[in-house]
Amino acid sequence: METITKAQSLQGSVIIPGDKSISHRAVMFGAIAKGTTRITNFLPGADCLSTISCFKQMGVHIEQDGASVVVKGKGMDALQEPTELLNVGNSGTTFRLMMGLLAGRPFHSVLAGDESIAKRPMNRVSIPLLQMGATIDGRNNGTFAPISIRGGNLNGISYDSPVASAQVKSAILLAGLQATGNTTVTETHRSRNHTENMFESFGVNVIRDGLSVSVTGGQELKATNVEVPGDISSAAFFLVAGAIVPDSTITLLNVGINHTRSGIVDVLEQMGADLTIQNKRIVNQEEVADLTIKTSELTGITIEGEMIPRLIDELPVIALLATQAQGTTVIKNAEELKVKETNRIDAVVHALNKLGASIEGTGDGMIIKGHTPLHGGEVSSLGDHRIGMMLAVAGCITDGKVNLKLPEAIRVSYPDFFDHLKQLRAGS
Ligand code: S3P
951 METITKAQSL QGSVIIPGDK SISHRAVMFG AIAKGTTRIT NFLPGADCLS
1001 TISCFKQMGV HIEQDGASVV VKGKGMDALQ EPTELLNVGN SGTTFRLMMG
1051 LLAGRPFHSV LAGDESIAKR PMNRVSIPLL QMGATIDGRN NGTFAPISIR
1101 GGNLNGISYD SPVASAQVKS AILLAGLQAT GNTTVTETHR SRNHTENMFE
1151 SFGVNVIRDG LSVSVTGGQE LKATNVEVPG DISSAAFFLV AGAIVPDSTI
1201 TLLNVGINHT RSGIVDVLEQ MGADLTIQNK RIVNQEEVAD LTIKTSELTG
1251 ITIEGEMIPR LIDELPVIAL LATQAQGTTV IKNAEELKVK ETNRIDAVVH
1301 ALNKLGASIE GTGDGMIIKG HTPLHGGEVS SLGDHRIGMM LAVAGCITDG
1351 KVNLKLPEAI RVSYPDFFDH LKQLRAGS
């Protein structure tokens, strides 16, 4: 249990830890590349550590010391058949990207994870992989973990993905690298493009054409060094905290602002937040900047369509932000929230309404009526890191303390979260 009390103001700066999506990919691509990949500012959160341990089980030599990782890749063909289950813990990204990779490896493997993973749909990845010729099975006709894979010869496909999901897209592209001919994935809206960007850094030729991405099979990855930018999905909690806790000024350093991820910046600006973006630079094909947020008056907006994949992981904390805005905020087209680490529509509605918010859950999002003062109470992360951090930020503005159950879930993506929050409360 963690107790959070109202903050008078939040002041200071935080160096945002490494991006989770990019950290996973750096380890995976390093593991299947030839040569040594050095990763700096790696996120040593539980999810990314799961990716490292899965590759170690397949014989890849990886040294990790905090945020520094050295991966000694010997190429895709050097991966060995694991003798045990590959346990991804809570990490959907590890699970789904590994499915694509393992679909083309000539051995048997079984992917499994925690209780949350067992409830998340994996058929969105197995359906295209089966079309490519893979042999995959799992609970409920291949829908749920554990998923077993007997990798084999794959043929390239052209796949229209019904969901804008970077996990699905990346899994297909990883399989496509091992398939004959070309593999193309077309999305309904553009999802995060870190796989495409990093493939290019590892020497893979990627063809991007509107909402489609293609690779030709048989290309080898060449090791490279990866400097991971700070995770905008982690920064989001302090961006919202800075906007809603009175008299605050917070600077977040080294934040990845890749356009496919920066929907929260657009939303803050549209709601009237006082946000400044400085020191824009490019690191490994990824745009990075320092962000300063100050408390301000906010107004409700509608968030929908192509914006949704650009801020999907930030929607729980955006819902909190909207409780402090004047007027109504409507979130639409976000049915994907139901299949995240928890059903994030239900989780947000239940916990924030318990603290005094006025949020109605809908089939594909939420309707949030503001401005509502919030009060203390006992709430739970439900084992979902982003619900946990959102509620900890809520506790900074509640009259009366918030008792947060299962705060340890936050270790999945932001092990230093409470230390950084403490620093800002102390104004250092
Ligand atoms: C991720 C993609 C997103 C996101 C997840 C990380 C990735 O999931 O929610 O936290 O690293 O590719 P979907 O691809 O299912 O939208």
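Just remember that my numbering sits 950 ahead of the position in the sequence shown, which is counted from 1. Just so you know, even glycine gets a beta-carbon here, dropped at the ideal spot from N, CA and C.
Secondary structure at I1122: helix, using DSSP grouped into helix, strand and coil.
The continuous beta strand (DSSP E) containing N1132 extends over residues 1132-1136. In terms of side-chain proximity, the C-beta atom of D1349 is found no nearer than 6 Å to any non-hydrogen atom of the ligand S3P. For Q1276, the shortest C-beta to heavy atom distance toward the ligand S3P is 6 Å or greater. M1316 has I1281, G1311 as its beta-bridge partners, per DSSP. Of the residues assessed, A1344 falls on the buried side of the cut-off, its CB having 16 or more other CB atoms within 10 angstroms. Residue environment analysis places R1231 among the exposed positions, since fewer than 16 neighbouring C-beta atoms fall within 10 angstroms of its C-beta.
Remark: the C-beta of I1262 is in contact range of the ligand S3P, defined as less than 6 Å to any heavy atom. Fewer than three pairs of CB atoms, one per stretch, sit closer than 8 Å, so the segment 1193-1206 makes no contact with the segment 1160-1176. For L1374, the enclosing alpha helix (DSSP H) has its first and last residue at 1367-1376. Minimum Cα-Cα distance from R1211 among the listed residues N1204, I1227, I1182 corresponds to I1182.
By the Cβ neighbour-count rule, K1069 is exposed, with fewer than 16 other Cβ atoms within 10 Å of its own. When the five nearest sequence neighbours on each side are left out, the beta carbons in the same chain lying within less than 6 Å of the beta carbon of R1055 are those of L1029, G1101, in order along the chain.
Around the C-beta of Q961, 16 or more other C-beta atoms lie within 10 Å, and the residue is accordingly described as buried. Under the 10 Å beta carbon count, H1335 is surrounded by 16 or more other beta carbons and is classified as buried. Judged by beta-carbon spacing, S1000 lies beyond the 7 Å limit of E1291, meaning their Cβ atoms are not closer than that value. Closest by C-alpha distance to N1147, out of G1131, V1233, T1133, D1197, is V1233. In this structure, T1043 has its CB closer than 6 Å to one or more heavy atoms of the ligand S3P.
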